[in-house]
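One structure below.
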Amino acid sequence: MEALRTIRWLVLLVAGCTGEIGANFADLDGDGYAEEDEGGEGEGEPDDDPVPETPDRVVNFEDCGNALDDDGDGQVDEDCSCAADEVRACYTGPAETLGVGICHGGLQTCDTHFEFPSWGDCLGAVTPVVEILGNGQDDDCDGSMDCSDGDFIDDPSCVVTDPCADGGGGPECNVVPDCADPAFADDPACAIAGLCPDGQTPTYNERDLDPGWGGSSIEEGDGQPVMEMSCEDGGACAAGQVSAETTPGVYVCVEPPPECDEGLYPTLTDAGEWTCRPPCEIIVHYGAIYGNKSVCTSPPDFACPDGQVPTFIFETEEWECQPMCDNGLYDQIWFGNAVLCVPC
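Position one of the sequence shown corresponds to residue 679 (our numbering), numbered consecutively onward.
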């Protein structure tokens, strides 16, 4: 009997080695488990339905610990061990799309409902979808959107046409250059055209004012504009810009000044912005704390409530009503039968 049993095992082993009995097994769907291969010589039936092909996606085994969906099954590090209740970032889309366009990661928690803790679902992650034309976002997370996405290169709404072709377009399509074109007559950059001869730049200079007597004071002005314009040779400013003095001897290129109402003149503030101010009716001299600066302005034309006086604010170079000064930063000055406060 023992000899007969041995012969039966030998027959089975020989048959298995020659492929006459049984089927070939392989991991066809990349889930880590082997199933029967219909392409083998065995007579067995497959355990699973055929797996559809997924173009441009290589199916791999899950790599524990990288927080990505390596095998493309929509889960991250499934069956991988973790610490109970641990939370971490995760992403279920292709790794190269993370942080591109609308795509971003989510969070997953270590699930303890089973015998061994394992990572749960990746919640909150946004993965690529089909690109939508005209919504202003990169839906498929390939780094381009709308008409810049190759998916829409032939879309009629993405075809760029020349507005000047076949006589179309507006004044910008004629051959008259720049400020000589009537269409740009009101352009601020063209407002300076003709102020200076060709090759010269309109330059706005601060008034050369005496620094006063070394302390806070106010004196009568000469009624002239706060800044004087002159034409200077050359210059590094771009076309349509003017040169303006911000501090003594320091010039910057800026947009042309605005057109001021009658009695007001363009003045560049310390912040580099144009404003319209009256002529130099009085000169306010700052003290040493504020660098002995001298500023042209006009007397305040308003009255302040009781307990407040007109104060010339250092930052804005404008008059405001403030509580009585003499606080170490502003001095009281008697001028024109009124008490004024100026920077000291």
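All C-beta atoms, glycine included, are put in the ideal place defined by N, C-alpha and C. On a predicted model such as this, the values are computed, not experimentally measured, just so you know.
Let me know if residue i comes out buried or exposed under the rule of 16 or more other beta-carbons within 10 Å of its beta-carbon.
| i | result |
| --- | --- |
| H791 | exposed |
| T994 | exposed |
| T879 | buried |
| E740 | buried |
| L1007 | exposed |
| L801 | exposed |
| F830 | buried |
| A916 | exposed |
| F980 | exposed |
| P1021 | buried |
| P834 | exposed |
| P978 | buried |
| N1014 | The question names Asn, yet the displayed sequence has Gly at residue 1014. It counts as exposed. |
| R735 | Bear in mind that the predicted position of R735 carries a pLDDT of just 47, short of 50, making it too unreliable to give a figure here. |
Tell me the DSSP secondary structure of residue i in three-state form.
| i | result |
| --- | --- |
| T775 | helix |
| P834 | helix |
| I810 | coil |
| G784 | strand |
| I991 | coil |
| A966 | helix |
| Q815 | coil |
| F1013 | strand |
| C999 | strand |
| L1007 | coil |
| Q902 | coil |
| C938 | coil |
| Q986 | strand |
| D749 | coil |
If I measure Cβ to Cβ from residue i and keep anything under 7 Å in the same chain, skipping five residues before and after, which residues do I get?
| i | result |
| --- | --- |
| I780 | V804, Q815, D816, D817, C819 |
| C760 | C788, P795, S796, W797 |
| P866 | Low local confidence applies: a pLDDT of 49 at P866 is under 50, so the model's placement there is unreliable, with the coordinate-based value given in what follows. Within the same chain, P866 has close Cβ partners E933, P934. |
| G783 | A767, C768, Y769, L776, A803 |
| S908 | T881, N883 |
Please report the residue range of the beta strand (DSSP E) in which residue i lies.
| i | result |
| --- | --- |
| Y769 | Element bounds for Y769: n/a, residue is neither H nor E. |
| H963 | 960-963 |
| N883 | 878-884 |
| M823 | Where M823 is concerned, there is no enclosing beta strand (DSSP E), given that its DSSP letter is neither H nor E. |
| T945 | 943-946 |
| A922 | 920-925 |
| T790 | Looking at the DSSP string, T790 is not in any beta strand (DSSP E), and its letter there is neither H nor E. |
| V804 | Segment: none, V804 is in no beta strand (DSSP E) and carries neither H nor E. |
| S894 | Here S894 belongs to no beta strand (DSSP E), and DSSP marks it neither H nor E. |
| S972 | 972-975 |
Less than 8 Å between C-beta atoms, sequence neighbours within five positions excluded: which residues of the same chain meet that for residue i?
| i | result |
| --- | --- |
| Y943 | P903, V904, M905, C954, R955, P956, P957 |
| T732 | Bear in mind that a pLDDT of 43 at T732, under 50, signals an unreliable position, so the number given afterwards is only what the model happens to contain. Within the same chain, T732 has close Cβ partners G750. |
| C1003 | V987, T989, D1009, Q1010, C1019 |
| V920 | I870, T879, P880, T881, Y882, C931, V932, E933, P934, P935 |
| L785 | V765, R766, A767, C768, C800, L801, G802 |
By Cβ distance, which residues of its chain are closer than 6 Å to residue i, with the 5 residues on each side in sequence left out?
| i | result |
| --- | --- |
| Y929 | S921, E923 |
| E809 | D817, D818, D827, D829 |
Cβ contact (3+ pairs, closer than 8 Å) linking the region 768-788 and the region 741-748: yes
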